[in-house]
Ligand code: SF4
Ligand code: SF4
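Residue numbers (the working numbering), protein chains in the order written: chain U, 17 to 127; chain V, 12 to 360.
Okay, structure coming up:
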């Protein structure tokens with residue numbers, strides 16, 4: 017066992033997930049591959065969405081993979097950072113919008 | 012920026028580069044040997060299908076000093092093909108009608124003082140001639156301003172590097188101001204009909220990654236290029252070739268300096284594609300160096316991996332022997348077989 021939870025080398029082993037449960041693993045990777053194909057959205061656009069979501073879910077593996085992938089697919093540093101800000105704004109907004117609940121509650125109990 | 016040679020870098024020596032490519036900087040970086048991969052794909056020894064493309068590197072002199080250049084070209088390089096060697100090439104091409112395509116590269120081939128004479132002689136032989144024009148040369152000096160007209164007059168196919176459709180990425184790889192000059196040069200080429208529908212004048216662009224990563228899908232990227240170049244600059248072109256950078260010369264230097272060498276090589280090896288391996292360009296191309304020596308490709312030329320066998324120099328050119336030769340391979344060849352594969356004409360799958 018590693019003495020750390022995250023190891024960059026583990027990203028390369030993602031495909032081995034199927035070793036313990038072949039059927040579900042293979043179904044997942046087939047689905048995953050299908051999701052990222054050029055379709056109504058281009059593979060390039062999907063890569064930038066993936067980068068933003070990777071930051072929202074704070075997955076170091078996904079951030080590693082989609083930073084490279086989005087840059088390879090031609091997004092600039094500025095565009096990539098704007099995508100991260102979108103993730104940040106939604107996460108921040110999601111906290112802040114709950115402030116309305118707080119306000120509701122306080123108004124309910126306050127004199 | 013100076014060439015590695017002018018900087019007296021150890022990487023200016025081909026044998027030093029080979030040492031690193033084969034064993035890494037530490038000497039113990041071991042990847043699956045390319046030969047083993049070819050054996051598994053049933054392609055070893057690698058042999059030509061048939062030599063049809065005659066690629067001539069007419070000199071290392073260039074007006075640019077791009078950071079990724081596998082030739083280590085630049086204004087300080089003075090290795091230039093002589094008219095005598097060009098004449099030997101012409102003699103060979105005359106005798107061998109199966110060599111249908113002549114691909115002129117460099118450096119900036121236009122800087123060779125005998126460039127125009129050579130092109131005219133090649134067209135008299137009715138060869139299809141491709142010139143790898145770096146675009147900025149057209150604006151580098153008054154004497155080059157008429158190059159678009161010259162290309163048109165001789166029905167030359169123009170292949171030009173534009174590593175990206177934005178200034179930032181292009182200039183980072185090719186030098187400050189290169190993007191703006193490239194755009195101007197492309198507009199000049201369009202103006203005489205290059206890349207325009209119905210003219211038959213072919214203008215293809217080359218993308219290569221500005222960093223330690225692989226090219227994305229050639230077709231999707233072509234769409235992006237077309238959209239962006241027409242919208243922003245009114246520029247049209249025919250096809251985009253997406254080319255992988257091979258770990259040679261200045262790109263190797265960049266990989267080592269940036270600490271990306273090992274991970275880049277691993278990326279190439281992991282992306283090995285047997286279909287691309289079956290279509291590598293050395294199977295139908297022969298490469299001629301500025302001094303007349305023959306090589307399997309421009310990369311082997313820069314690594315000074317001279318052909319095996321009797322036909323080693325343009326003066327001993329023997330097409331039958333060349334078609335039967337074994338191609339010299341090494342770990343750098345992984346650059347041609349990664350993903351969709353890479354050649355001077357872009358993806359090979
Ligand atoms: S990549 Fe081309 S344009 Fe750039 S320095 Fe090398 S030969 Fe010259
Ligand atoms: S580097 Fe040259 S010899 Fe090796 S596969 Fe590519 S074209 Fe062939």
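Ideal placement from N, C-alpha and C gives every residue a C-beta, glycine not left out.
In this text the structure is predicted, and so the values were computed from the model without any measurement.
Chain V residues whose Cβ lies nearer than 8 Å to that of residue i
i, result
"residue 16 of chain U", "Since the displayed chain U opens at 17 and closes at 127, residue 16 of chain U lies outside it and no answer follows."
"residue 131 of chain U", "Outside the displayed range of chain U (17 to 127) lies residue 131 of chain U, so it cannot be described from this structure."
"residue 80 of chain U", "Correct list: empty, because the minimum Cβ distance to chain V is about 11 Å."
Distance CB(residue i)-CB(residue j) smaller than 8 Å
i, j, result
"residue 85 of chain V", "residue 171 of chain V", "no"
"residue 159 of chain V", "residue 199 of chain V", "yes"
"residue 295 of chain V", "residue 33 of chain V", "no"
"residue 36 of chain V", "residue 230 of chain V", "no"
"residue 148 of chain V", "residue 74 of chain V", "yes"
"residue 260 of chain V", "residue 83 of chain V", "yes"
"residue 90 of chain U", "residue 251 of chain V", "no"
"residue 216 of chain V", "residue 205 of chain V", "no"
"residue 339 of chain V", "residue 59 of chain V", "no"
"residue 305 of chain V", "residue 318 of chain V", "yes"
"residue 235 of chain V", "residue 40 of chain V", "no"
"residue 53 of chain V", "residue 225 of chain V", "no"
"residue 290 of chain V", "residue 352 of chain V", "yes"
"residue 143 of chain V", "residue 120 of chain V", "yes"
"residue 202 of chain V", "residue 150 of chain V", "no"
"residue 64 of chain U", "residue 99 of chain U", "yes"
"residue 334 of chain V", "residue 61 of chain V", "yes"
"residue 243 of chain V", "residue 78 of chain V", "no"
"residue 197 of chain V", "residue 146 of chain V", "yes"
"residue 27 of chain U", "residue 77 of chain U", "yes"
"residue 129 of chain V", "residue 341 of chain V", "no"
"residue 223 of chain V", "residue 281 of chain V", "no"
Opposing strand residues paired with residue i [DSSP bridges]
i, result
"residue 144 of chain V", "V/171"
"residue 114 of chain V", "V/66, V/141"
"residue 349 of chain V", "V/283"
"residue 354 of chain V", "V/357"
"residue 217 of chain V", "V/172, V/252"
"residue 266 of chain V", "Paired residue(s): none; residue 266 of chain V is not in a bridge."
"residue 72 of chain V", "V/85"
"residue 299 of chain V", "V/67, V/305"
"residue 101 of chain U", "Paired residues: none, contrary to the question."
"residue 324 of chain V", "V/304"
"residue 91 of chain V", "V/70"
Residue i versus residue j: straight-line alpha-carbon distance, rounded
i, j, result
"residue 134 of chain V", "residue 140 of chain V", "7 Å"
"residue 127 of chain V", "residue 118 of chain V", "15 Å"
"residue 68 of chain U", "residue 125 of chain U", "39 Å"
"residue 362 of chain V", "residue 347 of chain V", "Here chain V covers residues 12 to 360 and nothing more, so residue 362 of chain V does not appear."
"residue 255 of chain V", "residue 118 of chain U", "55 Å"
"residue 24 of chain U", "residue 275 of chain V", "15 Å"
"residue 101 of chain V", "residue 329 of chain V", "14 Å"
"residue 127 of chain U", "residue 120 of chain U", "13 Å"
"residue 94 of chain U", "residue 82 of chain U", "15 Å"
"residue 51 of chain U", "residue 285 of chain V", "25 Å"
"residue 61 of chain U", "residue 29 of chain V", "39 Å"
"residue 247 of chain V", "residue 22 of chain U", "47 Å"
"residue 109 of chain U", "residue 75 of chain U", "20 Å"
"residue 177 of chain V", "residue 138 of chain V", "35 Å"
"residue 359 of chain V", "residue 210 of chain V", "26 Å"
"residue 163 of chain V", "residue 97 of chain V", "22 Å"
"residue 87 of chain V", "residue 102 of chain U", "48 Å"
"residue 105 of chain U", "residue 165 of chain V", "58 Å"
"residue 161 of chain V", "residue 193 of chain V", "18 Å"
"residue 114 of chain U", "residue 123 of chain U", "14 Å"
"residue 92 of chain U", "residue 221 of chain V", "11 Å"
"residue 12 of chain V", "residue 76 of chain V", "6 Å"
"residue 45 of chain U", "residue 18 of chain V", "49 Å"
"residue 279 of chain V", "residue 116 of chain U", "52 Å"
"residue 331 of chain V", "residue 111 of chain V", "16 Å"
Contacts of residue i in chain U (Cβ-Cβ under 8 Å)
i, result
"residue 224 of chain V", "84, 87, 88"
"residue 220 of chain V", "88"
Within chain V, partners of residue i - CB distance below 9 Å
i, result
"residue 26 of chain U", "By Cβ distance, chain V contributes nothing, its closest Cβ being about 15 Å from residue 26 of chain U, past 9 Å."
Chain-ordered neighbours of residue i on chain V, where CB pairs are closer than 7 Å
i, result
"residue 54 of chain U", "231"
Checklist entry - Within the structure, which residues are defined as neighbours of ligand 4 by a Cβ-heavy atom distance below 7 Å, reported in chain order? => result Among the ligands present in this structure, namely ligand 1 and ligand 2, ligand 4 is not found.
Next on the checklist: Closer than 8 Å is the cut-off here; do at least three beta carbon pairs connect the stretch 31-39 of chain U with the stretch 68-86 of chain U?
Outcome noted: The stretch 31-39 of chain U, when compared against the stretch 68-86 of chain U, does not touch it at the 8 Å Cβ threshold.
Checklist entry - Should the stretch 64-73 of chain V be called in touch with the stretch 289-309 of chain V, which here means at least 3 C-beta pairs below 8 Å? => result In the pairwise beta carbon analysis, the stretch 64-73 of chain V is classified as touching the stretch 289-309 of chain V: at least three pairs are separated by under 8 Å.
Checklist entry - Given 8 Å as the limit, is there contact between the stretch 310-323 of chain V and the stretch 338-352 of chain V, that is, 3 or more CB pairs closer than that? => result Output reads yes: the stretch 338-352 of chain V touches the stretch 310-323 of chain V.
Next on the checklist: Quick check: the stretch 93-113 of chain V against the stretch 324-339 of chain V, are at least 3 beta-carbon pairs closer than 8 Å?
Outcome noted: Output reads yes: the stretch 93-113 of chain V touches the stretch 324-339 of chain V.
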